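To keep things clear, I will list the structure first and then write my remarks on it.
There are 2 protein chains.
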Amino acid sequence: AGDAAAGKAKAAVCAACHGANGIAMIPGYPNLAGQNAQYIVSALKAYKSGERKGGQSMVMAPQATMLSDADMENLAAYFSQMK
Amino acid sequence: AGDAAAGKAKAAVCAACHGANGIAMIPGYPNLAGQNAQYIVSALKAYKSGERKGGQSMVMAPQATMLSDADMENLAAYFSQMK
């Protein structure tokens, strides 16, 4: 399982679209607060691999490319534990 | 905007994995309760078009293929208004 504190330290760029509290401020962007951690990791990996296209993949693929597997686990831990 | 009551009538198959209350019972599946409606529509369209691969797309693509645009709007209205 990831380290939520380490995830928080990486999450500033996420907050621009998904909200500092994990509730997206932009229509069409998903809320992340309380989301299943394993799902968040799966989504980030699919963006990084290029399997996930469509939607906001033009935004997310470059972001995910900059994340290691450990970063993904940490971000997932951080957002999944938000209320 | 979609019709949440019409969405509920189509949502039985969704509940098998995403939970009758929109909280997934299976690790790795996203919660849908309270999710942004426009995001849900975007995700379903990307599964239907085949743009979204990876993750559980082998499960979701056939499901999304059976949904009209109106069905997607209705399902999104239903899940987004759940607490």
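Chains V and P, in that order, give the protein sequences.
If you read the first sequence in my numbering, its first letter stands for residue 46, the second for the next number, and so on.
If you read the second sequence in my numbering, its first letter stands for residue 46, the second for the next number, and so on.
C-beta: ideal position from N, C-alpha, C; glycine also.
Note that the structure is a prediction, hence the values are computed from the model and not measured.
- Here P/V86 is buried: its Cβ has 16 or more other Cβ atoms, across all protein chains shown, within 10 Å.
- With contacts defined as CB atoms closer than 9 Å, V/N81 and P/G73 qualify as a contacting pair.
- Listed along chain P, the residues sitting closer than 8 Å to V/Q80 by beta-carbon distance are P75, N76.
- Pairing V/A56 with V/P107, the inter-Cα distance amounts to about 15 Å.
- Among the residues of chain V, those whose CB is under 9 Å from the CB of P/A88 are P75, G99, G100, following chain order.
- Per DSSP, P/Q126 is not a residue of any alpha helix (DSSP H), being assigned neither H nor E.
- Rounded to the nearest whole angstrom, the C-alpha separation of V/M70 and P/A69 is 23 Å.
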